[in-house]
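Asks: For reference, each letter of the sequence shown is one residue, going 1 to 424 in this note's numbering.
No residue lacks a Cβ here, since even glycine has one placed at the ideal position from N, Cα and C.
These numbers come from a predicted model, not from an experiment.
First the structure, then my questions, so here it is.
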Amino acid sequence: MPITQPLPLSTPNRNLVRLTIVRGITWTGFLAAIIVGVELLGFQLEVSAVISVVLAMALINLATWWRLGRHWAVTHGEYLAHLLADVAGLTLLFYFTGGSSNPFITYYLVPVTIAAATLPWRFAWIIAVTAMLAYTFLMGFHQPVPQLTHGHRAAQALDLHVLGMWLNFALSAGLVTFFIYKMAHALRSREQALSRTRESALRNEQVLAVATQAAGTAHELGTPLSTMAVLLAEMRDEAGNNPLLQKDLELLRQQVDTCKTRLRQLVESADRRRMAEPESCDAELWLAGVVQRWLVLRPDVSHRMEVAERRGRPWLSVDTTLDQALTNLLNNAADANPDDILISLDWNDDEVVIDIRDHGPGVALAIADQLGETFVSTKSKGMGIGLFLTHATINRFGGGVSLYNHPEGGTLTEVVLPRHHPGS
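Structure representation (C-alpha cells):
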C-alpha cells in the first residue's frame, strides 16, 4: 500500500505541537511538586481532587497528540480552546492548593504570553481577561493551605501581599499581551514583506531571462518569416483559379504578416515601451480591440462578449504588455476549447473585472495553486511561460489573475484590474 505522507506543518500546527510539549513538562513538574509538598512538607491537600486534575490534563495532552496525527489543519479557534483548557486546568489546580497564595499562581502568565505571541489580537485578549478573572476568583474562593498563608490565619489570607500580587499580575498580563502581540505582529509582517520581496525578485529574474531569450528569438525569426512571405506570394501566383487554395494561402499570408509586425514592434519599440507611461482608455473599447486582434490570430474561435449595464464608463491604465497578457489568457481558453468562449466585462467603483469562460477540461487541482507562480502549464505540451508572464504583467498593474473550475464544466479565468479615474 502507498505510504500516506503527512500534511506539511503550518504555523498553528507547529504552535500546537509546542504547546503540547510545554503542557506535558509543566504538569509533570506540578505533579512532582505536589508529591514533594504532601510527602515531605506535610501539605494538607485533597490529594484525590488534585490528582484528578493532573490526570484530566494528561488525557487532554494524549488526545492532542492523537489529534496532531490526523490530517486536519489547526485553526486559531482550536488553538484558543487549548489555551482556555490550560487556564481552566490551572484554575482547578490552584483552587485545591491555596488559590492566590500559591507561589505558582503567576504561571497564568505563560498561556497569556503564548496567546499574545501566536494568536490574533481579539483571541489574545480573551486569554488575558480569562486568566485575570480566574486569578480574581481564586482570591476569594479556594481551599487554603496553612503552609502557604504567610503566617496569617486562613480567614486573613487576603492581605496586602496577596492584593499586591494580584495588581502586579494584572499589570504584567496587560503589558505582556500588548507588547508581545505588537512585537510578534511586527515580526510576522516583516517576514511576509521579506517573502514577497524574495518572490518578486525571483519573478523579475525569470521575466528578465525570458525577455532576453525573446529578444534573441525575435531577431532569429525575422529571416524565416521573410522567406515564408516570399514563398507564399509565389504559391499564390501558382494557385491560379483554385479558390480554396487561394483562401488558405491568403490566411497564411495574413498570419505571417501579423508575426512580422509583432516582431518588428517588439524589436523597435522595446526601450520606448519600457520607459513610456501607461495610457488611459475605455475598458470596453480596449477589450473589444484586443479581442478583434486576437480573432485574426485565431479564426477558428467562436465567442460571445457581454458587457455589464452599469452607469459610468470603466477606464483602465493599459499598455501593449497588458494587451499581450490578455491575449495569452484568450489563447489558453481557445486551446482548451475554441467553441463558445464567453468574455465578460464588469466593474465597480474600484475594480474592473474581465471573465473568460471556456468549455474545456478545466484545471487540475494539483497545479491550480502553482499556475502563474512558476513555469507550470495546463497543456500537455505547454511550458507555462505564457501564464507566468501574464501573472507578472497584471500584477505589475496592481491587479490579479485567478483560475477556477466552473461548476458547469470548463475554466473561468478572472482578471481583476484597478479602475482608473481620468483626471484623478
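Within 10 angstroms of its Cβ, does T437 collect 16 or more other Cβ (buried), or is it exposed?
Replies: Absent from the structure is residue 437, since the part of the chain shown begins at 1 and ends at 424.
Asks: Can you give the Cα-Cα distance for E309 and L80, rounded to whole angstroms?
Replies: Our two residues, E309 and L80, have alpha carbons roughly 47 Å apart in a direct line.
Asks: On a CA-only basis, which of S317, F169 and F123 is nearest Y107? Give me that one, please.
Replies: Out of S317, F169 and F123, F169 has the C-alpha closest to the C-alpha of Y107.
Asks: Indicate whether N331 and R298 have their beta-carbon atoms separated by less than 8 Å.
Replies: yes
Asks: Taking 8 Å as the CB-CB limit, is R264 close to chain D?
Replies: In summary, chain D is missing from the structure at hand, where a single protein chain is found.
Asks: Do you know offhand how far L245's Cα is from Q255's?
Replies: 15 Å
Asks: Within a Cβ cutoff of 7 Å, which residues of the same chain sit near D323, ignoring the five residues on either side of it in sequence?
Replies: V290
Asks: Nearest to R236 by CA position, among Y404, L249 and E408, is which residue?
Replies: L249
Asks: May I ask you to verify whether the segment 54-65 touches the segment 26-38, counting CB pairs closer than 8 Å and requiring at least 3?
Replies: yes
Asks: Please state if the CB of V17 and the CB of L68 are separated by a distance shorter than 8 Å.
Replies: Yes, the pair counts as a contact, with Cβ atoms nearer than the cut-off.
Asks: State the start and end residues of the unbroken alpha helix (DSSP H) segment that holds G400.
Replies: Looking at the DSSP string, G400 is not in any alpha helix (DSSP H); the run it does join, the beta strand (DSSP E), is G400 to N405.
Asks: Going by C-alpha distance, which of L316, L295 and S195 is nearest L285?
Replies: L316
Asks: Kindly indicate which three-state DSSP category L417 falls into: helix, strand or coil?
Replies: strand
Asks: Is the beta carbon of L40 closer than 8 Å to that of S101?
Replies: no
Asks: Checking 8 Å against the spacing of the C-beta atoms, do A336 and G360 come in under that value?
Replies: yes
Asks: I need the DSSP call for R304, collapsed to helix, strand or coil.
Replies: strand
Asks: Check the C-beta distance from L287 over to L225 and give it rounded, since I have them as a contact under 8 Å.
Replies: About 29 Å; that fails the 8 Å criterion.
Asks: Assign D300 to one of two classes, buried (16 or more other C-beta atoms within 10 Å of its C-beta) or exposed (fewer than that).
Replies: exposed
Asks: Nearest-angstrom Cα distance between W125 and V110?
Replies: 14 Å
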